[in-house]
Amino acid sequence: MNTTLQCDYTRAFKKADIRGIYPLEIDEELAYFIGRAFVEEFSYKKILVARDMRLSTPQLHEAFLKGATDSGASVVDIGLVSSPMLYFASATMDLPGVMITASHSPKQYNGMKLVHAQAIPLTEQHGLKLIRKRIEKGKFASEVKRGKVTKKDVQKAFQRFVVKGYKTKKLAGIKIAADAGNGMAGVLLPLLQEKLPLKFDVMFPKLDGAFPNRGSDPTLSKHQKPLREQLKKGTYDFGVAFDGDADRIAFLDEKGKYINSAVIGALIAEHMLQTNKGAKMGYTILTSRSYEEAILAGGGKPVSCKVGHAFIKETMRQKDVLFACEHSGHFYFKDYFFTDSVTFTLLALLDAYVVAKEKGQTFSEMMKPYLKYQQTEDVVVMVKDKKLALQKTEDYLRSLKPKSLKKFDGLVVDFGEVWGAVKPSVTEYALKIMFESASKKLAKEDQDKLVKFVESIANDSR
Numbered sequence: 004m005n006t007t008l009q010c011d012y013t014r015a016f017k018k019a020d021i022r023g024i025y026p027l028e029i030d031e032e033l034a035y036f037i038g039r040a041f042v043e044e045f046s047y048k049k050i051l052v053a054r055d056m057r058l059s060t061p062q063l064h065e066a067f068l069k070g071a072t073d074s075g076a077s078v079v080d081i082g083l084v085s086s087p088m089l090y091f092a093s094a095t096m097d098l099p100g101v102m103i104t105a106s107h108s109p110k111q112y113n114g115m116k117l118v119h120a121q122a123i124p125l126t127e128q129h130g131l132k133l134i135r136k137r138i139e140k141g142k143f144a145s146e147v148k149r150g151k152v153t154k155k156d157v158q159k160a161f162q163r164f165v166v167k168g169y170k171t172k173k174l175a176g177i178k179i180a181a182d183a184g185n186g187m188a189g190v191l192l193p194l195l196q197e198k199l200p201l202k203f204d205v206m207f208p209k210l211d212g213a214f215p216n217r218g219s220d221p222t223l224s225k226h227q228k229p230l231r232e233q234l235k236k237g238t239y240d241f242g243v244a245f246d247g248d249a250d251r252i253a254f255l256d257e258k259g260k261y262i263n264s265a266v267i268g269a270l271i272a273e274h275m276l277q278t279n280k281g282a283k284m285g286y287t288i289l290t291s292r293s294y295e296e297a298i299l300a301g302g303g304k305p306v307s308c309k310v311g312h313a314f315i316k317e318t319m320r321q322k323d324v325l326f327a328c329e330h331s332g333h334f335y336f337k338d339y340f341f342t343d344s345v346t347f348t349l350l351a352l353l354d355a356y357v358v359a360k361e362k363g364q365t366f367s368e369m370m371k372p373y374l375k376y377q378q379t380e381d382v383v384v385m386v387k388d389k390k391l392a393l394q395k396t397e398d399y400l401r402s403l404k405p406k407s408l409k410k411f412d413g414l415v416v417d418f419g420e421v422w423g424a425v426k427p428s429v430t431e432y433a434l435k436i437m438f439e440s441a442s443k444k445l446a447k448e449d450q451d452k453l454v455k456f457v458e459s460i461a462n463d464s465r
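Residues in the sequence shown are numbered from 4 upward in steps of one, following this note's numbering.
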């Protein structure tokens, strides 16, 4: 029997997760059937369930729990945690699980990140398509002994794990302005403050899915305004901001200037290579050129990955990559189960900063050698047909006679003084456009020209 759903679920199933506008594209009915399909498709007997603080999360959480238990699974509910805390629980307890969240997306969205045991993510090609097909066919067991729900607090175990072996004494005297953004960093930061001798001045720690103080994506300039103002008020070493499920982190220097995540990654990679000679380091087409140059300078091996957390994690496991970063604020560590961790990122950054501070350097002075290139802020252009828009964009770029034009996870174009990337969005009907150069002016000019072209063909269809 085929399942008829009220919401437009086809828009919610993405390449790397499930995400859509609530309740138009994801609702309680869909959440219930995802719970059933996740358990029955993979014959899971026991799973983890975690959630963020979005306004629609309680409803989706309850529906998913009912679906999973109706299909016979025992559920370990680990409560309100960050996505990296779910990954920790999945890896250390060797259980599959779900994080109910829409990550950095606007407040009207919600979704789910599904993982197999050991925090291995489900993607369209590895599980999500099977779940969708099972839901569409209505292929569910009719008589199953209902599973039970138990609650477990993993926060203290997570806290012990992330600081284990870390020399915390060296952090004494460091003061950080931390913008939790009313997201799950409001749970994370107190756990870190208990164990680290530095000082966090935490902004917006109260969990609130309405995002009353700023939007969820901390890498956008308009969302950094509160942190920028806070940095100007006090004497801070630097500032950090997080997204809704605390798997993205953005860094601002002591003056309030945003430091591109790929540039932060360059510093971390170079520092890690000092004790991990020849290690593999992952990057994407949107990552700053300074990151790849830092890897090569440090004797590392750059490994190209597709954009998106699930694809990066897959490549890291396949090729034994030690560390990877995206310009979107995601940082991935082999030592954190090949997943992303804002905590490991912050501690790795602090390792490098302590050395710089002992030399009398400020945060901005430490970062200066890595800032020789200027990257534009991403521009996202909504399009009717992603494949067609990308093909027309490729044809247009070729007509400009670039130095090189490569096709990998989108388009990578090099004009010599300026280079850039066009990436089809994983979660939206859109193309993401970014340019970089030693001159911000030149990068912005080339970006503007390409944006104008893509906008001109945005409504074209086959």
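In this text, a Cβ means the ideal position worked out from N, Cα and C, and glycines have one as well. Here the structure is a predicted model, which means the values were calculated and not measured.
Where the alpha helix (DSSP H) containing residue i begins and where it ends
i      : result
Val324 : That residue, Val324, is in no alpha helix (DSSP H); it is neither H nor E in DSSP.
Val190 : Ala188 to Lys198
Phe456 : Lys443 to Ile460
Val42  : Glu31 to Glu44
Nearest-angstrom Cα separation, counted from residue j out to residue i
i      : j      : result
Leu353 : Leu83  : 27 Å
Cys308 : Thr104 : 24 Å
Asp240 : Met370 : 13 Å
Lys410 : Gly285 : 18 Å
Leu325 : Ala282 : 6 Å
Leu199 : Leu191 : 12 Å
Gly237 : Ala181 : 12 Å
Asp463 : Gln450 : 21 Å
Ala300 : Leu210 : 42 Å
Glu232 : Val416 : 36 Å
Arg135 : Ile37  : 8 Å
Leu276 : Ile298 : 8 Å
Gly100 : Glu127 : 16 Å
Thr348 : Glu146 : 47 Å
Ala76  : Lys48  : 5 Å
Gly189 : Ser219 : 13 Å
Glu65  : His312 : 26 Å
Phe67  : Thr171 : 40 Å
Tyr261 : Ser224 : 8 Å
Arg320 : Ser93  : 16 Å
Leu453 : Ala392 : 12 Å
Lys155 : Ile81  : 5 Å
Ile267 : Phe334 : 10 Å
Ile123 : Gly363 : 42 Å
For residue i, the three-state DSSP class (helix, strand or coil)
i      : result
His64  : helix
His330 : coil
Pro109 : coil
His226 : helix
Arg163 : helix
Ser74  : coil
His129 : coil
Pro405 : coil
Phe214 : coil
Arg149 : coil
Asp240 : coil
Leu414 : strand
Ile81  : strand
Arg57  : coil
Neighbourhood of residue i by C-beta distance below 8 Å, restricted to the same chain and skipping five residues each side
i      : result
Tyr356 : Ile177, Asp240, Phe241, Phe366 and Met369
Glu420 : Ser440, Ala441, Ser442 and Leu445
Glu295 : Tyr286 and Pro305
Lys148 : Gly75
Endpoints, beta strand (DSSP E) assigned at residue i
i      : result
Glu439 : Ala433 to Ser440
Ser307 : Lys304 to Ser307
Ser464 : Unbroken run through Ser464: none, as it is neither H nor E.
Ile50  : Lys49 to Arg54
Leu255 : Ile252 to Leu255
Pro87  : Not the beta strand (DSSP E): Pro87 falls in the alpha helix (DSSP H), residues Ser86 to Met96.
Ile103 : Gly100 to Ile103
Residues near residue i by beta carbon distance below 7 Å, same chain, minus five either side
i      : result
Ala433 : Val383, Val384, Met385 and Val386
Glu458 : Val384
Contact belief for residue i with residue j at Cβ below 8 Å, rounded distance in angstroms
i      : j      : result
Arg465 : Asp388 : 6 Å
Thr153 : Val52  : With 8 Å as the limit, Thr153 and Val52 do not qualify as a contact, their Cβ atoms being about 11 Å apart.
Tyr373 : Ala244 : About 20 Å separates the two Cβ atoms, so there is no contact after all.
Gly471 : Arg137 : The requested residue 471 is not part of the displayed model; the chain covers only 4 to 465.
Asp412 : Lys395 : Not confirmed; about 18 Å, so no contact.
Asn113 : Arg57  : 5 Å
Thr222 : Ala272 : Incorrect: roughly 19 Å between the Cβ atoms, too far for contact.
Ile50  : Ala71  : 6 Å
Contacting residues, own chain, Cβ-Cβ under 6 Å from residue i (five flanking each side not counted)
i      : result
Asp473 : Here the chain comprises residues numbered 4 to 465, so residue 473 is not present and cannot be evaluated.
Glu329 : Thr287
Pro87  : Asp250 and Ser344
Thr60  : Arg54 and Ile103
Asp248 : Asp55, Ser85, Ser86, Thr104, Ser106 and Met187
Gly303 : Leu276, Ala282 and Met284
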